[in-house]
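Everything below concerns the one structure shown next.
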DNA sequence: ACATTGACCTGAGAGC
DNA sequence: TGCTCTCAGGTCAATG
């Protein structure tokens with residue numbers, strides 16, 4: 248799940264549920280999802296404090312502690328948050344749990360353990376170290392800035408969209424979605440796109456990411472011309488033209504596309 | 001520079 | 001039913 252729309256949805260979930268309450272206890276069931284600290288250090292870092300506000304850059308989520316410091320949350324491929332009171336509701340694979348003073352728990356759930364939590368003492372330094380580019384939905388990333396970022400790059404367009412150091416937040420699923428709406432074949436070299444192509448791509452990037460976020464990343468709530476709900480459907484047809492969708496490897500990832508709407512150059 | 005592959009992890013789903 | 005195989009929405013390092 249966790250591309251920009253997913254992480255933005257998690258951010259709103261955390262805003263609605265996990266802020267402004269004192270963390271009484273931190274339980275780490277698997278230390279592999281704790282980075283840059285031992286489980287004891289993380290517990291020490293959080294206990295007695297509150298999370299006060301959130302910040303998201305690309306696929307990375309940060310929660311500010313009261314006083315100094317932040318908590319970083321990265322969701323890997325299978326991570327999400329669960330806030331609950333009844334222990335019977337505790338999800339499987341909740342590798343880290345924050346127990347709040349109000350009796351609720353916030354679990355960091357990650358079946359494959361490719362995500363992590365980490366204490367962050369200096370947010371600016373952390374962002375620099377992660378080498379994250381501008382957030383894909385940052386208002387400053389207008390069409391002109393988008394063209395500027397593409398300048399000089401010779402990668403395939405899908406690789407570029409997924410390059411977190413260039414633009415942060417787009418992964419395999421939403422790069423496919425964006426390229427589908429823009430009518431661009433995923434393996435097209437970036438230099439083959441003209442300004443009109445890049446402007447169109449930029450427009451659909453914003454549009455697709457906002458639309459997916461608005462639908463809270465529920466495939467059933469997305470517009471009828473979205474590919475996301477068709478990802479795991481065998482023999483799916485293009486929602487626009489009915490051509491059977493095809494798959495191709497790009498950037499080492501399986502990419503779904505419509506051979507008619509996204510012709511190979 | 002760029003593309004590809006394997007590793008990190010582990011479960012879900014397909015095929016036998 | 002149970003076993004084996006392949007694949008999965010993210011990154012990173014190593015290799016061509």
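Residue numbers (our numbering): 248 to 512.
Glycine included, C-beta positions come from ideal geometry on N, C-alpha and C.
- According to DSSP, residue pairing for residue 451 in a beta bridge does not occur.
- Where residue 256 is concerned, the enclosing alpha helix (DSSP H) starts and stops at 251 to 264.
- In the three-state reduction of the DSSP assignment, residue 296 falls in the coil class.
- Taking the Cα positions, residue 456 is about 7 Å away from residue 421.
- Close CB contacts of residue 332 within its chain, under the 8 Å cut and outside five residues either way in sequence, are with 350, 351 and 352 (chain order).
- Comparing alpha carbon positions, the residue from 503, 498 and 499 closest to residue 479 is 503.
- When the Cα atoms are used, residue 291 and residue 354 turn out to be separated by approximately 17 Å.
- Its chain contains 412, 413, 414 and 415 as the residues whose beta carbon lies nearer than 6 Å to that of residue 380, once the 5 sequence neighbours on both sides are disregarded; these appear in chain order.
- At a Cβ-Cβ threshold of 8 Å, residue 249 and residue 306 count as neighbours.
- Excluding residues up to 5 positions away in sequence, 299, 300 and 317 lie with their Cβ nearer than 6 Å to the Cβ of residue 311 in the same chain.
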